[in-house]
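In the working numbering, the protein residues as written are 2 to 306.
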């Protein structure tokens, strides 16, 4: 979720720091996904071609470098891939993967020329390459986070629309965030785990909706209790002002998903202050934010839940 805030802060020129993590545009899965579009826009981008080749099953570092070498020599990406696939000694699995990627990149290049929406093209790239399926098979916490980051990227691409504009924004915004710095005049983005033991004059606790906090994967049992405890930890980090926000509609994979407010809001006795005006964007329903404030009389009871 931090990727949405990173992009918004960067667009508005607000300095920010990502505490204990890598900024959105520098994350491996984001770079991997964008590499497909970079090759579609510039078929002689040998660096991006090597990157996507390394993602293919059965294609090792050596074959990826060979394809990049042909590309450096002047061949467009799909021809470079076919050259490697046609060499003696290339195993069947690698050959099929290379030829499949060649066809996918040709289709993406045609989509770019036709002015297709960047979100749709990105989805085609992730599904057609098998990259999305690989992320979905990873049941670890890190794997789920990567999948969520890719979903945020697809939503951002759908909202931007143009592939060229998306890649331009990625280039401009990727250098604006700092990881783990110590600027006092910057917004600090961090997880609830990272916030333990810290205090700030103003705290924004975001994503307080079912499916976010608590996570839909932890809808019962001990993990839910842990998320309830983390919610309380986040609330008590605020020294002066606490803002708890939620979205009535959350944009994922280029589509709007309506979500009810987090059960933790009612449990903590948070009082709704006002709704923030939303906006309608491609692939997203009209969304509204919510600002909540805590009732101090309920905090002690919530701690005991």
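Backbone N, C-alpha and C fix where the C-beta goes; we use that ideal spot for every residue, glycine too.
Between the stretch 99–111 and the stretch 15–32, the count of C-beta pairs closer than 8 Å stays below three; the two stretches do not touch.
Annotation: residue 105 is outside any beta strand (DSSP E); the continuous alpha helix (DSSP H) that includes it extends over 93–114.
A residue is called buried when at least 16 other Cβ atoms come within 10 angstroms of its Cβ; residue 134 does not meet this threshold and is exposed. Going by DSSP, residue 204 is part of the beta strand (DSSP E) stretching over 201–206.
The shortest C-alpha to C-alpha distance from residue 192 to any of 236, 169, 152 is the one to 236. If you check the CB distance, residue 109 and residue 86 do not come in under 8 Å. Per DSSP, residue 37 is one residue of the alpha helix (DSSP H) stretching across 29–42. About 15 Å separates the beta carbon of residue 71 from that of residue 62, a gap too long to meet the 8 Å contact definition. Counting C-beta pairs with one atom in each stretch, the stretch 23–43 and the stretch 194–209 have fewer than three that are closer than 8 Å, which means they do not touch.
Here residue 23 carries a coil assignment [DSSP, helix/strand/coil]. Judged by DSSP secondary structure, residue 187 falls outside any alpha helix (DSSP H); it is assigned neither H nor E.
In the three-state DSSP reduction, residue 121 falls in the helix class (H, G or I). One alpha carbon belongs to residue 206, the other to residue 269, and they sit about 13 Å apart. Spanning the alpha carbons of residue 92 and residue 65 requires a straight line of approximately 14 Å.
Counting C-beta pairs closer than 8 Å gives fewer than three between the stretch 39–59 and the stretch 12–20, which falls short of the contact rule. It is roughly 39 Å from the alpha-carbon of residue 264 to the alpha-carbon of residue 36.
Per DSSP, the continuous beta strand (DSSP E) segment holding residue 243 begins and ends at 239–248.
Bounds of any alpha helix (DSSP H) do not take in residue 57, whose DSSP letter is neither H nor E. Annotated three-state conformation of residue 139 is coil, per DSSP. Comparing alpha-carbon positions, the option among 79, 241, 39 lying closest to residue 202 turns out to be 241.
In the three-state reduction of the DSSP assignment, residue 210 falls in the strand class. In this structure residue 210 is in contact with residue 262, their Cβ atoms being roughly 6 Å apart against a cut-off of 8 Å. For residue 173, the enclosing alpha helix (DSSP H) covers residues 164–174.
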